[in-house]
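Novice: So that we are looking at the same thing, I have put the structure below in structure tokens.
Number of protein chains: 2
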Amino acid sequence: MSYKIKSRIWIESDNNVLLGEGRVHLLKAIQETGSLSKAAKSLNISYKKAWQLIDSVNKSAKKPVTINSIGGKGGGGAELTDYGLSLVNAFDDINKNCWEFLDQQLEKIKLL
Amino acid sequence: MSYKIKSRIWIESDNNVLLGEGRVHLLKAIQETGSLSKAAKSLNISYKKAWQLIDSVNKSAKKPVTINSIGGKGGGGAELTDYGLSLVNAFDDINKNCWEFLDQQLEKIKLL
DNA sequence: TACCGTTATGTTCATGCAAATATAACGAAT
DNA sequence: ATTCGTTATATTTGCATGAACATAACGGTA
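Line by line, the protein sequences are chains W and V.
Under UniProt numbering, think of the first position of the first sequence as 1, with each following residue one higher.
Under UniProt numbering, think of the first position of the second sequence as 1, with each following residue one higher.
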């Protein structure tokens with residue numbers, strides 16, 4: 001059994017977490033379902049937790065990441081802003097590159 | 001206020017954590033003080049927690065990382081093995097490189 | 001107006017993790 | 001044999017995080 005390197009990266013703004021893997025998953029689910037409650041169900045987390053995460057994201061970000069509407073046709077919904085999309089894409093890109101980087105570094109402990 | 005990228009890396013062995021930043025700090029403190037209890041004090045963690053960490057490290061590693069002696073002159077002590085030193089150095093190296101790597105990636109969100 | 005599905009928010013309960021405390025085991029030195 | 005400082009281990013207490021449940025607010029539609 002050989003050693004493995006694991007990693008986690010996240011983006012902070014003023015010492016508050018803005019984006020991590022979980023939040024990005026949630027944002028993608030919102031984009032797919034068009035609603036926060038459906039996104040929460042698809043990720044098997046409570047609506048409340050999902051709402052808290054999105055609230056934290058929007059409070060930490062410089063510009064709104066989602067637009068949430070209450071009431072109306074279908075009861076309301078949520079969707080990503082263009083800015084939110086940019087953040088998600090940037091995070092995904094950086095995260096993927098980080099994996100590749102650590103895959104190279106793995107050589108340094110292969111012999112141990 | 002600009003966004004920052006934070007990261008954490010750790011080495012796993014068979015789905016058990018072997019080394020992370022905290023464990024590396026502890027191992028270095030052991031090397032400096034020659035004892036687990038002194039190392040725990042210097043890091044402001046309880047002896048029990050320190051012991052559990054070291055126990056986990058030694059159980060996860062392929063070869064012993066520390067040698068702990070009970071009783072005798074001075075009551076006993078703990079020291080790093082050469083293998084432990086290699087692991088610590090490898091972790092530090094990879095971790096430092098990871099910081100530098102992410103510092104480059106930071107450009108991708110500077111504009112956001 | 002009544003309904004509907006959603007966002008938004010509060011409250012209680014459980015569960016796991018950390019902290020604190022206590023104590024046993026050990027072996028060299030005196 | 002006693003002392004000493006350390007490693008090793010168990011038990012309890014407290015706290016923080018999340019799960020579960022309940023409910024209000026909203027605004028289009030019929």
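Glycine included, every Cβ here is placed at the ideal spot set by N, Cα and C.
Suppose you measure from the CA of V/Ile109 to the CA of W/Lys38; what does that come to, to the nearest Å?
Specialist: Locating residue 109 of chain V in the second sequence gives position 109, where the first residue counts as 1. Locating residue 38 of chain W in the first sequence gives position 38, where the first residue counts as 1. Taking the straight line from one Cα to the other gives about 29 angstroms.
Novice: Less than 8 angstroms between the C-beta atoms of V/Leu87 and V/Leu19, yes or no?
Specialist: Here residue 87 of chain V is taken as the residue at index 87 of the second sequence, counted from 1. Here residue 19 of chain V is taken as the residue at index 19 of the second sequence, counted from 1. Contact flag set, yes.
Novice: Rounded to whole angstroms, what is the Cα-Cα separation between V/Thr66 and W/Gln105?
Specialist: Counted from its first residue, the second sequence places residue 66 of chain V at position 66. Counted from its first residue, the first sequence places residue 105 of chain W at position 105. Going from the Cα of V/Thr66 to the Cα of W/Gln105 covers about 24 angstroms.
Novice: Please check the pair W/Ser56 and W/Val17, which I expect to be a contact at CB under 8 angstroms, by giving their CB distance rounded to whole angstroms.
Specialist: The residue labelled residue 56 of chain W in the question sits at position 56 within the first sequence. The residue labelled residue 17 of chain W in the question sits at position 17 within the first sequence. Rounded, the Cβ-Cβ distance is 7 angstroms, consistent with contact.
Novice: Could you tell me how far apart the beta carbons of W/Ser7 and W/Cys98 are, in whole angstroms, since I believe they sit closer than 8 angstroms?
Specialist: Indexing the first sequence from 1 puts residue 7 of chain W at position 7. Indexing the first sequence from 1 puts residue 98 of chain W at position 98. At roughly 6 angstroms, the Cβ-Cβ gap stays under 8 angstroms, so W/Ser7 and W/Cys98 are in contact.
Novice: May I have the straight-line CA-CA distance separating V/Ser2 from W/Lys48, to the nearest angstrom?
Specialist: If you number the second sequence from 1, residue 2 of chain V lands on position 2. If you number the first sequence from 1, residue 48 of chain W lands on position 48. Each residue's Cα considered, the two are about 29 angstroms apart.
Novice: Relative to chain V, which residues along the stretch 6-25 of chain W have a C-beta separation below 8 angstroms, given in chain order?
Specialist: Cβ contacts with chain V: Lys6, Ser7, Arg8, Ile9, Trp10, Ile11, Glu12, Ser13, Asp14 and Leu18.
Novice: If contact means a Cβ-Cβ distance below 8 angstroms, which residues of the stretch 93-106 of chain V contact chain W?
Specialist: Listed in sequence order: Asp93, Ile94, Asn97, Cys98, Phe101, Leu102 and Gln105.
Novice: Could you please give the first and the last residue of the uninterrupted alpha helix (DSSP H) stretch that includes W/Asn89?
Specialist: On the first sequence, residue 89 of chain W is found 89 positions in, with the first residue counted as 1. Unbroken alpha helix (DSSP H) run through W/Asn89: Asp82 to Gln105.
Novice: Along chain W, which residues have their Cβ under 8 angstroms away from the Cβ of V/Leu87?
Specialist: As a working mapping, residue 87 of chain V is identified with position 87 in the second sequence. Those are Ile109 and Leu112, listed as they occur along chain W.
Novice: Is it buried or exposed for W/Ser46, if we count other Cβ within 10 angstroms and need 16 for buried?
Specialist: Walking along the first sequence from the start, residue 46 of chain W turns up at place 46. Its Cβ having fewer than 16 others within 10 Å, W/Ser46 is exposed.
Novice: Under the rule that 16 or more other beta-carbon atoms within 10 Å means buried, what is W/Gly71, buried or exposed?
Specialist: The count along the first sequence starts at 1 and reaches residue 71 of chain W at position 71. Counting Cβ neighbours within 10 Å, W/Gly71 comes out exposed, since fewer than 16 surround it.
Novice: Taking a cut of 8 angstroms between CB atoms, which residues from the UniProt domain "HTH lysR-type" (24-84) of chain W lie near chain V?
Specialist: Result list: Lys62 and Tyr83.
Novice: State the DSSP-derived secondary structure class of W/Gly34, mapped to helix, strand or coil.
Specialist: If you number the first sequence from 1, residue 34 of chain W lands on position 34. Reduced to three states, the DSSP call for W/Gly34 is coil.
Novice: Distance, Cα to Cα, W/Ala40 vs W/Gly34?
Specialist: In the first sequence, counting from the first residue as 1, residue 40 of chain W sits at position 40. In the first sequence, counting from the first residue as 1, residue 34 of chain W sits at position 34. Distance between the alpha carbons of W/Ala40 and W/Gly34 is about 11 angstroms.
Novice: What is the residue span of the beta strand (DSSP E) that V/Leu18 lies within?
Specialist: For this step, residue 18 of chain V is matched to residue 18 along the second sequence. Per DSSP, V/Leu18 belongs to the beta strand (DSSP E) from Asn16 to Leu19.
Novice: Could you give the uninterrupted runs of the beta strand (DSSP E) lying entirely in the stretch 26-77 of chain V, keeping only those of 3 residues or more?
Specialist: You should have 66-70.
Novice: Who are the near neighbours of residue 115 of chain W in its chain, counting only those whose CB is closer than 7 angstroms to its CB and skipping five residues on each side?
Specialist: What the structure shows of chain W is the stretch from 1 to 112, and residue 115 of chain W is not part of that stretch, so it cannot be assessed.
Novice: Looking at the strands, I want to know which residues DSSP matches up with V/Ser13.
Specialist: Counting from one through the second sequence, the residue named residue 13 of chain V turns up at place 13. The partner list for V/Ser13 (beta bridge, DSSP) reads W/Tyr3 and V/Asn16.
Novice: Take V/Gln52 as the anchor and find which of V/Ile5, V/Leu26 and V/Asp82 has the nearest alpha-carbon.
Specialist: Position 52 of the second sequence, counted from the start, is the residue given in the question as residue 52 of chain V. Nearest option by C-alpha distance: V/Leu26.
Novice: Suppose you measure from the CA of W/Lys4 to the CA of V/Ile11; what does that come to, to the nearest Å?
Specialist: Counting from 1 along the first sequence, the entry for residue 4 of chain W is found at position 4. Counting from 1 along the second sequence, the entry for residue 11 of chain V is found at position 11. Between W/Lys4 and V/Ile11, the C-alpha separation is close to 6 angstroms.
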